[in-house]
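>
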Amino acid sequence: MSSAASSSSTISSAPDVRWSVSIYTEKPARLPLLNSNPDSPHCLVFIGGLTDSLGTVPFLNRIAQGIAPYGFSVVQLQLSSALGGFGVCSLEGDAEEIAMAVMFLRSKGKDKIILMGHSTGSQDVMEYLSYPGGSTARGNGAKVDGAILQGPVSDREAFEGMEAGEHRKGLEEKLVLATSLVKEGKGSQLLPRDIPVQRRPEAGGSKEQLGNVDAVYDSPMTAYRFWSLYAKGGDDDYFSTDLGKERTSAIWDAAGSGLGADSGGYVLALVGAEE
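In this text, residue positions in the sequence shown follow the numbering used here: the first is 290, and each later residue adds one.
1) Using three-state DSSP, classify R307 as helix, strand or coil.
2) Taking the alpha-carbon of G459 as reference, which of E386, E473 and L480 has the nearest alpha-carbon?
3) Report yes if the C-beta distance between G430 and R395 is below 7 Å; otherwise report no.
4) So, at 6 Å on beta carbons, what are the nonlocal neighbours of E386 in its own chain, with the 5 sequence-adjacent residues on each side left out?
5) By Cβ distance below 7 Å, which residues in the same chain neighbour V414 in space, the five residues on each side in sequence not counted?
6) Given a threshold of 16 other Cβ atoms within 10 Å of its Cβ, counted over all protein chains shown, does F348 qualify as buried or as exposed?
7) Could you check what DSSP says for G522 in three-state terms: helix, strand or coil?
8) Have a look at A543 and T425 and give me their C-alpha separation to the nearest angstrom.
9) Assess contact between the region 448-456 and the region 466-479, defined as three or more Cβ pairs (one per stretch) separated by less than 8 Å. Is contact present?
10) For L532 and A520, what's the separation of their Cα atoms in angstroms?
11) Short check: CB of S329 to CB of F361, under 7 Å?
12) Could you tell me the distance, in whole angstroms, from the CA atom of S297 to the CA atom of Q412?
13) What residue ranges within the region 473-507 form continuous alpha helix (DSSP H) runs of no fewer than 4 residues, ordered along the chain?
14) DSSP on M405, reduced to helix/strand/coil?
15) Let me check one thing: in DSSP terms, what residues is N324 bridge-paired to?
16) Grab me the residues of G547's own chain with a C-beta within less than 8 Å of its C-beta, minus the 5 sequence neighbours each way, in chain order.
17) Assign L548 to one of three DSSP states: helix, strand, or coil.
18) Contact check, V306 vs A353 under 8 Å by CB: the rounded distance?
19) Compute the beta-carbon to beta-carbon distance between P485 and V377, rounded to the nearest angstrom, for a pair I have assumed lies under 8 Å.
20) What residue range does the alpha helix (DSSP H) around G382 cover?
21) I'd like the list of long-range same chain contacts for D526, defined as Cβ closer than 6 Å, with 5 residues on each side in sequence excluded.
22) Would DSSP call A293 helix, strand or coil?
23) In terms of residues, what are the limits of the beta strand (DSSP E) holding A436?
24) Within its chain, find whatever has a CB closer than 7 Å to the CB of S301; leave out the 5 residues flanking it on each side and keep chain order.
25) Express the C-alpha separation of C332 and K432 in angstroms, rounding to a whole number.
Quick look at the structure:
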């Protein structure tokens with residue numbers, strides 16, 4: 290977004306990296322990004338996983354230092370789905386905000402822009418690239434030059450691999466309800482949630498001082514997002530091992546074509562011990 294504000298302040302994150310903050314879009318909400326060096330000609334746009342936010346992923350300083358000699362900086366995005374917001378958001382919504390950030394960076398003269406998804410953020414990258422018509426179709430200046438998937442995971446298979454017990458049983462019941470609501474066109478409905486309200490002890494609250502951490506690690510979830518994450522064939526189901534050859538080929542073909550035939554770019558997946 291060319292209308293977004295430019296760098297407004299600089300904060301110290303580590304002795305060797307100083308992150309500059311900018312607002313990359315003013316509407317529909319003001320959203321910030323951090324850039325390890327706004328003067329670099331190229332940038333690596335980092336998209337965190339579920340519950341991540343600005344500054345929460347510890348290895349970004351090292352990446353920023355490692356790629357600086359090649360003219361790249363690291364850009365961290367704050368998406369509406371950060372922290373506990375993922376439960377009421379979608380991959381496509383994330384991708385639309387990523388496009389706003391990419392267009393903002395293009396307006397600042399960036400040449401090469403590469404997306405890097407971390408964990409569930411890899412699903413955002415796949416969603417971004419597999420848009421009909423590719424990343425170029427997301428808007429003027431939204432095209433990216435490459436993509437990295439760092440630790441892509443199947444949230445569905447992680448769910449299916451949970452030990453049997455009351456917790457898993459409760460989640461399975463939620464999935465049945467969520468699937469039913471999605472089929473009925475009620476995907477935006479919030480699922481039931483039994484979390485104690487954090488109040489002062491004299492008002493009947495817990496003596497544990499946990500702040501609002503339940504809003505992050507046990508966040509409210511719409512039926513749609515629960516289904517998307519944990520149902521086979523859900524919108525988040527990009528990396529499961531049981532998708533079949535045809536579906537897997539279609540997913541990766543769409544991602545590759547999303548870079549554009551003339552880009553010369555690649556989608557690089559870094560998995561497990563190979564990272």
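Cβ coordinates follow ideal geometry from the N, Cα and C atoms, glycine included.
By the coordinates alone:
1) Three-state DSSP puts R307 in a strand.
2) Comparing Cα positions, the closest option is L480.
3) Contact flag set, yes.
4) Answer for E386: L368, listed in chain order.
5) Taking V414 as the centre and dropping the five residues before and after it, the same chain places the C-beta of I336, L404, G406, A436 and L438 closer than 7 Å to its C-beta, in chain order.
6) Flag for F348 reads exposed.
7) Secondary structure at G522: coil, using DSSP grouped into helix, strand and coil.
8) When only Cα atoms are considered, A543 and T425 end up about 13 Å apart.
9) No: the two stretches stay apart, fewer than three of their Cβ pairs being nearer than 8 Å.
10) If I take the Cα positions, the gap works out to 12 Å.
11) The Cβ atoms of S329 and F361 sit closer than 7 Å to each other.
12) With a pLDDT of 42 at S297, under the threshold of 50, the modelled position of that residue is not reliable, and no figure is offered here.
13) The qualifying runs are 503-506.
14) Strand, per DSSP.
15) In the DSSP secondary-structure assignment, N324 is bridged to S309 and V364.
16) Its chain contains Y417, L418, S419, Y420, G423 and S424 as the residues whose beta carbon lies nearer than 8 Å to that of G547, once the 5 sequence neighbours on both sides are disregarded; these appear in chain order.
17) Coil, per DSSP.
18) About 5 Å; that satisfies the 8 Å criterion.
19) With a Cβ gap of about 20 Å, P485 and V377 do not count as contacting.
20) G382 -> alpha helix (DSSP H) spans L380 to S396.
21) The residues are R445.
22) Residue confidence for A293 is low, a pLDDT of 40 falling below 50, so the modelled location carries little weight; the figure read from the coordinates is stated next. Looking at A293 - three-state DSSP - the assignment turns out to be coil, as it is neither helix nor strand.
23) Taken as a continuous stretch (DSSP letters only), the beta strand (DSSP E) holding A436 covers G435 to Q439.
24) With a pLDDT of only 41 at S301, under 50, the local geometry of the prediction cannot be trusted, and no value is derived from it.
25) C-alpha separation (whole angstroms): 13 Å.
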